[in-house]
Amino acid sequence: MAKAPTANGTNGIEPTGAIHLTLQGKGGVGKSLVASVLAQYLREKRKEVRCIDTDPVNRTFAQYGALGADRLNLRDEHNRIEQRAFDSLIERFLTEDGATFVVDNGASTFLPLWHYLLENSALDYLRQNGRRVYVHTVITGGQALLDTLNGFHELAQTTAERNIVVW
Numbered sequence: 133m134a135k136a137p138t139a140n141g142t143n144g145i146e147p148t149g150a151i152h153l154t155l156q157g158k159g160g161v162g163k164s165l166v167a168s169v170l171a172q173y174l175r176e177k178r179k180e181v182r183c184i185d186t187d188p189v190n191r192t193f194a195q196y197g198a199l200g201a202d203r204l205n206l207r208d209e210h211n212r213i214e215q216r217a218f219d220s221l222i223e224r225f226l227t228e229d230g231a232t233f234v235v236d237n238g239a240s241t242f243l244p245l246w247h248y249l250l251e252n253s254a255l256d257y258l259r260q261n262g263r264r265v266y267v268h269t270v271i272t273g274g275q276a277l278l279d280t281l282n283g284f285h286e287l288a289q290t291t292a293e294r295n296i297v298v299w
């Protein structure tokens, strides 16, 4: 059942936009496909969508030319999260009013990025500043089933929010 428009006419959708992160520790399971489908859907719904590709190994999301994804490297030369790049990403989330973000993250930076978000209370900070964060993860069958279930388990065990979308 569709929600009735609220006083601000948003149908319950945050007026400042949302942040959608595709996270999974297993490579090649369709994270970039999920991000591209999600971005196209949001654009079809007339959202102002900003696409960001943070995968340091495969820039698949950025290769969808029509999406205009910005490439952002979140790792330093020692393969750690680069705090300045991460901080600029958080700042962008907070300053681009009305924009909805779709961020594609690679398998190699899944755990470092997720733990950085948690350790620095970034999800709480974004929420306190009017942003809703959705984490999209992929679970596949076959040989990758256990790996993708483990990735989902890591996300589910480390956040109390009910913001995980399983594909």
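Here the sequence shown stands for residues 133 to 299, where the numbers follow my numbering.
Glycine is no exception: its CB is placed at the ideal position from the N, C-alpha and C atoms.
All figures in this text were calculated on a predicted structure; none of them were measured in a lab.
query                                                                                                                                                  : result
Keeping to the same chain, check which residues put their C-beta closer than 6 Å to that of ASN211; ignore five residues upstream and five downstream. : none
So for LEU153, helix, strand or coil by DSSP?                                                                                                          : strand
Quick one: residues in its chain with C-beta nearer than 8 Å to the C-beta of LEU226, no 5 flanking neighbours on either side, listed in chain order?  : LEU258, ASN261 and ARG263
Could you check the C-alpha separation between ALA194 and THR154 for me, to the nearest Å?                                                             : 14 Å
Would a C-beta distance cut-off of 9 Å place THR290 and LEU250 closer than the cut-off?                                                                : yes
Give the DSSP-derived three-state secondary structure of ILE213 in the structure shown.                                                                : strand
For THR280 versus GLN172, is the C-beta spacing smaller than 9 Å?                                                                                      : no
Where VAL179 and ASP208 are concerned, what is the direct C-alpha to C-alpha distance, given to the nearest angstrom?                                  : Just to set this straight, residue 179 is Lys in the shown sequence, not Val. For LYS179 and ASP208, the distance between alpha carbons rounds to 32 Å.
When DSSP builds the beta bridges, which residues end up paired with HIS268?                                                                           : THR154 and VAL297
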